[in-house]
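Heads up: the protein sequence lines correspond to chains V and P, in order.
First residue of the first sequence? That's 4 in the numbering used here, and the numbers climb one at a time after it.
First residue of the second sequence? That's 148 in the numbering used here, and the numbers climb one at a time after it.
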Amino acid sequence: AQSVTQLDSQVPVFEEAPVELRCNYSSSVSVYLFWYVQYPNQGLQLLLKYLSGSTLVESINGFEAEFNKSQTSFHLRKPSVHISDTAEYFCAVSDTGNQFYFGTGTSLTVIP
Amino acid sequence: GAVVSQHPSRVICKSGTSVKIECRSLDFQATTMFWYRQFPKKSLMLMATSNEGSKATYEQGVEKDKFLINHASLTLSTLTVTSAHPEDSSFYICSARDPWTGFDYGYTFGSGTRLTVV
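And the structure:
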């Protein structure tokens, strides 16, 4: 079975500052890793994913995440955040591609 | 890209009544859809896997008689909360994957339904 741990439930950060949202997973098999973003009262939107290949993956809005197999981590980073980045972020893992296991989420609040 | 439409986005119902939530794949056919429940400040909890033309597979602890799932076509799955009670108030989200685009695009989620039982 897989599980995901997001240690930080809330992360406040000033605008234009860098941010890192932590995600660790446990699995006995190879996994696929995802970050989803959720804005208030909306569904989840795929932010980025790691399936194979390069361990550093990037999104179109400046976020990046690095798959670290030895540390079983998939931390999400952005060098300079904007007010519009305020949202809930979920890390997820899947082994078969059918069932997802989500972390408890990290609420990112960007302070003007 | 793949789009999943969920309706209604918000519903308020009286205790004891039933509520139906629809999940549609708009531009692809989904043989499998998933229903999640999200509690405040909590992660998404997978409730059940909806399979087109067959019975849904429920996760442990989810009452199948209370949360009825029907996947009658390749583009529509419905979740009916029967005899709703205030503790059923939650945010319900469905998801699906376009099998033709493969796993590369991940799963598409609906916009969610906020259910409030009064």
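C-beta atoms are modelled at their ideal positions from N, C-alpha and C, and glycine is treated no differently.
Predicted, not measured: the structure shown is a model, and the values here were computed from it.
Look at the alpha carbon of residue i and the alpha carbon of residue j, and state the distance between them as a whole number of angstroms.
i: S258 of chain P; j: F238 of chain P; result: 10 Å
i: A231 of chain P; j: S165 of chain P; result: 6 Å
i: Q41 of chain V; j: T75 of chain V; result: 24 Å
i: A243 of chain P; j: F214 of chain P; result: 18 Å
i: S31 of chain V; j: A195 of chain P; result: 23 Å
i: V228 of chain P; j: T8 of chain V; result: 30 Å
i: T58 of chain V; j: Y183 of chain P; result: 29 Å
i: K81 of chain V; j: Q185 of chain P; result: 26 Å
i: V60 of chain V; j: L51 of chain V; result: 7 Å
i: S207 of chain P; j: M192 of chain P; result: According to the sequence provided, residue 207 of chain P is Gln. The question's Ser does not apply to it. Roughly 11 Å separates the two Cα atoms.
Using only alpha-carbon positions, find the residue among the options that is nearest to residue i.
i: S190 of chain P; options: V:D11, V:P115 and V:G56; result: V:D11
i: M180 of chain P; options: P:E234, P:L226 and P:T260; result: P:L226
i: S172 of chain P; options: P:A149, P:H154, P:D212 and P:K202; result: P:A149
i: N64 of chain V; options: V:K72, V:L79, V:L54 and V:R25; result: V:L79
i: S152 of chain P; options: P:G163, P:V158, P:S236 and P:F175; result: P:F175
Strictly below 9 Å CB to CB, what residues from chain P border residue i?
i: N44 of chain V; result: S156, R157, F238, S258, G259 and R261
i: F93 of chain V; result: S190 and L191
Do residue j and residue i count as a contact pair if the criterion is CB distance below 8 Å?
i: F66 of chain V; j: F77 of chain V; result: no
i: P15 of chain V; j: I114 of chain V; result: yes
i: R261 of chain P; j: S156 of chain P; result: yes
i: Y39 of chain V; j: V96 of chain V; result: no
i: G46 of chain V; j: I240 of chain P; result: yes
i: D88 of chain V; j: V34 of chain V; result: no
Anything in chain V within Cβ reach of residue i, meaning under 9 Å, just list it in chain order.
i: Q176 of chain P; result: By Cβ distance, chain V contributes nothing, its closest Cβ being about 16 Å from Q176 of chain P, past 9 Å.
i: Q153 of chain P; result: G46
Show which residues of chain V have a CB atom less than 8 Å away from the CB atom of residue i.
i: Y254 of chain P; result: L49 and F103
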